[in-house]
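*Asks:* Going down the list, the protein sequences come from chains W and P. Add 412 to the 1-based position in the first sequence for this note's numbering, that's all there is to it. Add 253 to the 1-based position in the second sequence for this note's numbering, that's all there is to it. Virtual Cβ for every residue (Gly too), placed ideally from N, Cα, C. Since we're looking at a predicted model, the values are computed, not measured.
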Amino acid sequence: MDRIIMGDNQFFGVNHMSEERGMANAVRFQDVKSIIEVLDTAYQCGIHAFTFSTHEQVGLICDHFRANPQKYSDLRLYPALPYAQKYAHLVNEKGIVGTIKDMLFSGSSVSQAASMMMHGGAIMLKQDPADVMKLLIDAEMKMFRGLNVQVVFLQNVVTDLLLGLGWKDVFKEYVSYIEHKYNARAGFQTLNMPRLVDFLLNCGIEKPIVCSAINKIGFQMNPDVASYEQTLRTKPVRAFAMSVMAAGAIKPKDAFEYVAGFERVESILFGASGRTHIEQTKELIEKAS
Amino acid sequence: MLKGGVIGFGRMGITHYSILNTHPDVQFVAVCESTEYVVKNLKRYTSLELFNDYKDMLDKAALDFVIVATPTVSHAEIVKAAIQKNIHVFVEKPFSLSAQEGENLVKMLEGKPLVNQVGYFLRFSDVFRHVKKILDDGHLGQVIHYKNEMYGRTVLKPSKSSWRSKKQMGGGCMLDFASHCIDFSDYLFGPVKAATGSMLKNIHSADVEDAVYTNLIHSNDVTGSILVNWSDASYRRPYNRIEIVGTKGKIVADRQEYRLYLHDTEVSGIFTKGWNIHYLPELEKGTRFGLRGAEFTSQLDHFIECIKEKRTKTACTFEDGQRTDCVIEMIKKDFEERCK
Numbered sequence: 413m414d415r416i417i418m419g420d421n422q423f424f425g426v427n428h429m430s431e432e433r434g435m436a437n438a439v440r441f442q443d444v445k446s447i448i449e450v451l452d453t454a455y456q457c458g459i460h461a462f463t464f465s466t467h468e469q470v471g472l473i474c475d476h477f478r479a480n481p482q483k484y485s486d487l488r489l490y491p492a493l494p495y496a497q498k499y500a501h502l503v504n505e506k507g508i509v510g511t512i513k514d515m516l517f518s519g520s521s522v523s524q525a526a527s528m529m530m531h532g533g534a535i536m537l538k539q540d541p542a543d544v545m546k547l548l549i550d551a552e553m554k555m556f557r558g559l560n561v562q563v564v565f566l567q568n569v570v571t572d573l574l575l576g577l578g579w580k581d582v583f584k585e586y587v588s589y590i591e592h593k594y595n596a597r598a599g600f601q602t603l604n605m606p607r608l609v610d611f612l613l614n615c616g617i618e619k620p621i622v623c624s625a626i627n628k629i630g631f632q633m634n635p636d637v638a639s640y641e642q643t644l645r646t647k648p649v650r651a652f653a654m655s656v657m658a659a660g661a662i663k664p665k666d667a668f669e670y671v672a673g674f675e676r677v678e679s680i681l682f683g684a685s686g687r688t689h690i691e692q693t694k695e696l697i698e699k700a701s
Numbered sequence: 254m255l256k257g258g259v260i261g262f263g264r265m266g267i268t269h270y271s272i273l274n275t276h277p278d279v280q281f282v283a284v285c286e287s288t289e290y291v292v293k294n295l296k297r298y299t300s301l302e303l304f305n306d307y308k309d310m311l312d313k314a315a316l317d318f319v320i321v322a323t324p325t326v327s328h329a330e331i332v333k334a335a336i337q338k339n340i341h342v343f344v345e346k347p348f349s350l351s352a353q354e355g356e357n358l359v360k361m362l363e364g365k366p367l368v369n370q371v372g373y374f375l376r377f378s379d380v381f382r383h384v385k386k387i388l389d390d391g392h393l394g395q396v397i398h399y400k401n402e403m404y405g406r407t408v409l410k411p412s413k414s415s416w417r418s419k420k421q422m423g424g425g426c427m428l429d430f431a432s433h434c435i436d437f438s439d440y441l442f443g444p445v446k447a448a449t450g451s452m453l454k455n456i457h458s459a460d461v462e463d464a465v466y467t468n469l470i471h472s473n474d475v476t477g478s479i480l481v482n483w484s485d486a487s488y489r490r491p492y493n494r495i496e497i498v499g500t501k502g503k504i505v506a507d508r509q510e511y512r513l514y515l516h517d518t519e520v521s522g523i524f525t526k527g528w529n530i531h532y533l534p535e536l537e538k539g540t541r542f543g544l545r546g547a548e549f550t551s552q553l554d555h556f557i558e559c560i561k562e563k564r565t566k567t568a569c570t571f572e573d574g575q576r577t578d579c580v581i582e583m584i585k586k587d588f589e590e591r592c593k
């Protein structure tokens with residue numbers, strides 16, 4: 413896995429510190445061109461690894477990557493799916509079953525939809541959730557087709573919901589499907605890293621790839637910092653650190669030194685939208701590592 | 254170990270189940286749900302006893318507590334049956350479709366050692382709890398007026414399929430969104446005695462309102478404006494914000510930060526003159542299990558703790574929920590009278 417990976421929250425109005433700042437960013441990045449500018453800057457700075465949600469704008473960004481294969485020949489992607497907000501609204505409107513149907517059939521061509529409907533319809537009758545999950549993954553992964561995907565993360569709302577439900581088979585199916593169908597590694601985003609790592613090891617998933625907040629003030633780390641530190645020191649996990657600066661509450665230098673102190677933190681995710689900031693962050697992470 | 258059941262396994266039911274399924278003192282034993290697909294999955298993945306009829310479940314499952322997460326229209330009859338069976342109840346908001354119905358339920362609780370809670374989770378937000386303390390400690394002086402807002406993009410086109418778009422099922426922006434603001438105002442400033450200048454607006458929905466604007470007068474004469482719109486596409490997710498103006502300063506807060514402005518230096522030295530800004534990363538404590546925000550876990554853990562400690566006065570009782578139902582009726586009446 414790459415050591416330094418750039419995230420996409422800043423492009424889509426997500427700011428864990430301030431909702432208003434998030435909105436201001438969303439305004440700046442309404443046009444996909446301005447997102448690509450920032451990605452290009454990062455690419456020029458030597459950052460070739462990016463994590464993306466499956467926000468509809470990301471589809472356009474991927475089109476751009478595909479249209480310029482020479483320029484992005486060394487690109488590596490770490491997508492996270494599904495895009496939670498999109499489905500929260502659908503579930504409100506159509507219920508859980510209606511949402512699944514909608515997800516399967518939206519964005520497909522007529523013939524695809526017809527074949528999926530046959531396929532999906534049969535599956536809905538058979539009620540096999542693992543097969544439904546596979547169709548949903550395919551629907552979400554469509555936008556990344558032909559690009560170099562390293563890890564496919566399951567977004568934290570879904571991971572943590574399933575973790576709470578304790579449905580081991582779904583986790584195992586997810587890992588095996590991502591590995592076989594997409595020739596990539598499966599990863600999990602979570603707000604409950606210590607519990608998830610224990611659970612995944614229990615499922616027989618070896619050296620699980622887990623993406624979570626890791627910062628010394630415990631922001632978005634449940635139940636507490638001590639449990640995270642214990643897990644990082646004692647469990648065979650490949651950790652992917654995000655919210656390293658706790659949305660700005662920790663100074664960059666201190667933040668990166670803290671995460672770099674854990675051998676099992678393999679990758680560090682950061683968000684930035686200007687050249688200076690990107691360069692500084694890269695330098696700080698490299699220095700701390 | 255407390256034995257629990259869930260009635261209604263939709264978005265909220267499944268969330269509550271998942272959160273409490275990780276609680277060391279809770280064991281879920283039963284779920285009541287009618288959607289076939291959901292039931293088949295529960296059969297496959299769990300050893301829960303599954304029911305199609307909640308009365309059956311309350312009769313047979315030997316529950317200590319039940320989570321009621323059905324459409325609002327059925328809350329009252331289910332809660333009533335649970336109280337009759339002496340089962341502790343956590344019910345999703347809003348409490349009931351009518352103030353009278355709710356009052357009867359509150360009366361039924363008298364003399365029964367039953368823990369009762371309504372799912373107004375904003376009361377458990379770390380930032381809003383700080384706002385409450387700042388108010389109660391008098392940092393703002395006397396409150397002059399407040400503005401309590403909630404916006405979201407829940408309904409962006411006409412919808413017929415969701416129960417949330419149907420009046421008789423308990424749908425509408427008033428019950429789904431505005432109820433949160435009304436309860437939050439009650440939590441901060443106490444009971445409401447009147448609603449005035451109320452406007453209910455349709456944007457996309459035919460059967461229910463999509464926006465609610467009103468002014469509340471509390472028993473202590475504090476006044477405030479409620480502005481709610483669930484058809485505002487500019488918001489990524491439901492968003493709550495409150496601004497309170499007092500004689501000594503003002504505070505503006507959402508679930509991620511608060512900004513307190515004080516006119517003068519305080520003797521206490523807790524806050525400085527001018528702006529005091531604090532963000533969630535420093536205000537939030539880790540939670541036992543995080544799913545969709547710490548507030549959701551805090552409210553359920555509080556419910557379980559109250560059962561264990563035999564405390565019937567939760568942070569959001571049926572009585573609290575019923576007062577919000579009364580205010581909803583006041584607002585509707587105020588609006589209807591002016592429309593005549």
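1) Would you say W:Asn614 lies against chain P (beta-carbon separation less than 7 Å)?
2) By DSSP's criteria, P:Asp507 is part of a beta bridge. Which residues make up the other side?
3) Between W:Asp572 and chain P, is any beta-carbon pair separated by less than 7 Å?
4) Does the stretch 405–418 of chain P come within contact of the stretch 467–484 of chain P, defined as at least 3 CB pairs closer than 8 Å?
5) I'd like to know whether the C-beta of W:Pro635 is nearer than 7 Å to at least one C-beta of chain P.
6) Taking W:Pro541 as the query, report the chain B residues whose CB atoms sit under 9 Å from its CB, ordered along the chain.
7) By Cβ distance below 8 Å, which residues in the same chain neighbour W:His476 in space, the five residues on each side in sequence not counted?
8) Using 8 Å as the threshold, is the stretch 261–272 of chain P in touch with the stretch 317–334 of chain P, meaning 3 or more CB pairs across them?
9) Buried or exposed: P:His471, going by 16 or more other Cβ atoms within 10 Å of its Cβ?
10) Can you tell me the Cα-Cα spacing of P:Leu428 and P:Pro491, whole angstroms?
11) Residues in the same chain with beta-carbon distance under 7 Å from P:Leu362, minus the five sequence neighbours each way, listed in chain order, please.
12) Spell out whether any CB of chain W is found under 7 Å from the CB atom of P:Pro534.
13) Which residues in chain W sit within 9 Å of P:Gly543, going by Cβ to Cβ distance?
14) What number of angstroms, rounded off, separates the C-alpha of W:Thr571 from the C-alpha of P:Leu393?
15) Start and end of the alpha helix (DSSP H) containing P:Lys561?
16) Helix, strand or coil: how does DSSP classify P:Asn294 here?
17) Excluding the 5 residues preceding and the 5 following W:Asn568 in the sequence, name in chain order all residues of the same chain whose CB lies nearer than 6 Å to its CB.
18) When you compare the CB positions of W:Ser679 and W:Ile417, do they come within less than 7 Å of one another, or not?
19) Between which residues of its own chain and W:Gly425 is the CB-CB distance below 7 Å, once the five residues before and five after are set aside?
20) Against chain W, which members of the stretch 471–499 of chain P pass a CB distance test of less than 7 Å?
21) Give every residue of the same chain whose Cβ lies closer than 6 Å to the Cβ of P:Ile479, excluding the five residues on either side of it in the sequence, and list them in chain order.
22) Using a Cβ-Cβ cut-off of 6 Å (strictly less than) and excluding sequence neighbours within five positions of P:Met514, which residues of its own chain qualify?
23) Under 7 Å between C-beta atoms, does W:Leu577 make it to chain P?
24) Could you spell out the range, first to last residue, of the beta strand (DSSP E) harbouring P:Ser432?
25) Determine whether the Cβ of P:Gly539 lies closer than 7 Å to any Cβ atom of chain W.
26) So, at 8 Å on beta carbons, what are the nonlocal neighbours of W:Val522 in its own chain, with the 5 sequence-adjacent residues on each side left out?
27) If you drop the 5 nearest sequence neighbours on each side, which residues of the same chain put their C-beta closer than 6 Å to that of P:His531?
28) Could you work out which residue in W:Ile626, W:Glu691, W:Lys694 is closest to W:Ile662 when comparing CA atoms only?
29) Report back the beta-carbon spacing between W:Lys628 and W:Val649 to the nearest angstrom; my notes put them in contact at under 8 Å.
30) Are there 16 or more other CB atoms within 10 angstroms of the CB of P:Pro534, so buried, or fewer, so exposed?
31) Considering only residues of the same chain and omitting the five flanking positions on each side of P:Asp278, which have a CB-CB separation below 7 Å?
32) Apply the 10 Å Cβ neighbour rule to W:Asn595 and answer buried if 16 or more other Cβ atoms are within range, or exposed otherwise.
33) Would you identify the three-state DSSP class for P:Leu409, choosing helix, strand or coil?
34) Grab the span of the beta strand (DSSP E) containing P:Asn401 for me, first residue to last.
35) Can you confirm whether W:Gly471, when its beta carbon is compared against all beta carbons of chain P, has any partner nearer than 7 Å?
36) What residues from the stretch 652–669 of chain W come within 7 Å of chain P, judged by C-beta to C-beta, listed N to C?
*Replies:* Quick answer:
1) Position 202 of the first sequence, counting from 1, holds the residue named residue 614 of chain W. No, W:Asn614 does not count as interfacial toward chain P.
2) Working through the second sequence from its first residue, we reach residue 507 of chain P at position 254. Partner(s): P:Arg494.
3) Translated into positions along the first sequence, residue 572 of chain W becomes position 160. So yes, W:Asp572 belongs to the interface.
4) Inter-segment contact for the stretch 405–418 of chain P and the stretch 467–484 of chain P is present: three or more beta-carbon pairs are separated by less than 8 Å.
5) Translated into positions along the first sequence, residue 635 of chain W becomes position 223. It does: the Cβ of W:Pro635 has a partner Cβ on chain P nearer than 7 Å.
6) Absent here is chain B; the protein component of the structure consists of chains W and P.
7) Start at 1 with the first residue of the first sequence, and residue 476 of chain W comes out as number 64. Answer for W:His476: Val444, Ile448, listed in chain order.
8) yes
9) One-based indexing of the second sequence puts residue 471 of chain P at position 218. It is buried - the Cβ of P:His471 has at least 16 other Cβ atoms within 10 Å.
10) Looking up residue 428 of chain P in the second sequence gives position 175. Looking up residue 491 of chain P in the second sequence gives position 238. Whole-angstrom Cα-Cα distance: 14 Å.
11) As a working note, residue 362 of chain P is residue 109 in the second sequence. Here the set comprises Ile336, Asn369, Phe571.
12) The residue you call residue 534 of chain P lines up with position 281 of the second sequence. It does; some Cβ of chain W falls within 7 Å.
13) The residue labelled residue 543 of chain P in the question sits at position 290 within the second sequence. The CB of P:Gly543 comes closer than 9 Å to the CB of Asn568, Asp572, Thr602, Leu603, Asn604, Gln632, Met633, Asn634, Pro635 in chain W, given here in chain order.
14) Walking along the first sequence from the start, residue 571 of chain W turns up at place 159. Walking along the second sequence from the start, residue 393 of chain P turns up at place 140. For W:Thr571 and P:Leu393, the distance between alpha carbons rounds to 42 Å.
15) For the purposes of this step, residue 561 of chain P is taken as residue 308 along the second sequence, with counting starting at 1. 547–561 is the span of the alpha helix (DSSP H), which, as asked, contains P:Lys561.
16) Numbered from 1 along the second sequence, position 41 holds the residue referred to as residue 294 of chain P. Residue state, collapsed to three classes: helix.
17) Along the first sequence, read from residue 1 onward, the residue named residue 568 of chain W stands at position 156. Once the five neighbours on either side are set aside, the close Cβ partners of W:Asn568 are Gln601, Thr602, Leu603.
18) Here residue 679 of chain W refers to the residue found at position 267 when the first sequence is read from its first residue. Here residue 417 of chain W refers to the residue found at position 5 when the first sequence is read from its first residue. Taking C-beta atoms as the reference points, W:Ser679 and W:Ile417 count as a pair closer than 7 Å.
19) The residue you call residue 425 of chain W lines up with position 13 of the first sequence. These residues qualify, in order along the chain: Gly434, Met435, Asn437, Ala438.
20) Arg489, Arg490, Tyr492
21) In the second sequence, counting from the first residue as 1, residue 479 of chain P sits at position 226. Result list for P:Ile479: Asn401, Cys434, Thr467, in chain order.
22) Numbered from its first residue, the second sequence carries residue 514 of chain P at position 261. The sequence shown places Tyr at residue 514 of chain P, rather than the Met named in the question. Cβ within range, chain order: Gly502, Lys503, Trp528.
23) For the purposes of this step, residue 577 of chain W is taken as the residue at position 165 of the first sequence. Closer than 7 Å: yes.
24) Position 179 of the second sequence, counted from the start, is the residue given in the question as residue 432 of chain P. That residue, P:Ser432, is in no beta strand (DSSP E); its alpha helix (DSSP H) goes 432–442.
25) Counted from its first residue, the second sequence places residue 539 of chain P at position 286. Yes, P:Gly539 lies at the interface with chain W (some Cβ there is under 7 Å from its Cβ).
26) As a position in the first sequence, residue 522 of chain W is number 110, starting the count at 1. Bear in mind that the predicted position of W:Val522 carries a pLDDT of just 47, short of 50, making it too unreliable to give a figure here.
27) Translated into the one-based positions of the second sequence, residue 531 of chain P becomes position 278. Correct list, in chain order: Tyr511.
28) One-based indexing of the first sequence puts residue 662 of chain W at position 250. Comparing Cα positions, the closest option is W:Ile626.
29) By one-based count along the first sequence, residue 628 of chain W stands at place 216. By one-based count along the first sequence, residue 649 of chain W stands at place 237. In fact, because the Cβ distance is near 18 Å, the residues do not count as touching under 8 Å.
30) For this step, residue 534 of chain P is matched to residue 281 along the second sequence. Classification of P:Pro534: buried, given that the 10 Å Cβ count is 16 or more.
31) Mapped onto the second sequence, residue 278 of chain P falls at position 25. Excluding five sequence positions before and after P:Asp278, the CB atoms of its chain that fall closer than 7 Å to its own CB belong to Met254, Leu255, Ile557, Lys561, given in chain order.
32) For the purposes of this step, residue 595 of chain W is taken as the residue at position 183 of the first sequence. Exposed, by the Cβ-count rule.
33) Locating residue 409 of chain P in the second sequence gives position 156, where the first residue counts as 1. Note: P:Leu409 maps to coil in three-state DSSP.
34) Your numbering for residue 401 of chain P matches position 148 in the second sequence. Here the beta strand (DSSP E) through P:Asn401 covers 396–404.
35) What you label residue 471 of chain W is simply residue 59 of the first sequence in a count that begins at 1. Output row for W:Gly471: interface = no.
36) Ala658, Ala659, Ala661
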